[in-house]
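Notes to accompany the following structure.
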Amino acid sequence: MFPQNSYYSILDALSEKAKGWQGSTFGCLILVINFTIKIKTAIM
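Structure follows, in structure tokens:
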């Protein structure tokens, strides 16, 4: 397992990449997953 903060930086790096792939399903999927994980973590 990654420590929480490096896990987030990996997600953020993926999100940055995903912004470049806005048209692609994969890019949208990463943004949604990233958003969902951050929401769940904030709630907990």
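If you use full-length UniProt numbering, the sequence shown corresponds to residues 1 to 44, in order.
Just so it is clear, CB atoms sit at the ideal spot from N, CA and C, and this is done for glycine as well.
Computed from a predicted structure; not experimentally measured.
Compute the Euclidean distance between the alpha carbons of residue i and residue j, then round it to the nearest angstrom.
i: A42; j: F35; result: 11 Å
i: S15; j: G27; result: 8 Å
i: K17; j: K40; result: 22 Å
i: S25; j: I33; result: The residue you asked about is not Ser; residue 25 is Thr in the sequence shown. Cα-Cα distance, rounded: 12 Å.
What do you get for residue i, buried or exposed, if any count of 16 or more other CB atoms within 10 angstroms of its CB means buried?
i: L11; result: buried
i: residue 45; result: The first residue shown for the chain is 1 and the last is 44, placing residue 45 beyond what the model contains.
i: M1; result: Low confidence applies to M1: its pLDDT is 46, below 50, so where it sits in the model is not reliable enough to give any reading.
Using 6 Å as the cut-off, classify the Cβ of residue i as near or not near the heavy atoms of the ligand NAD, replying yes or no.
i: T36; result: The ligand content of the structure shown is nil, which means the ligand NAD is not present either.
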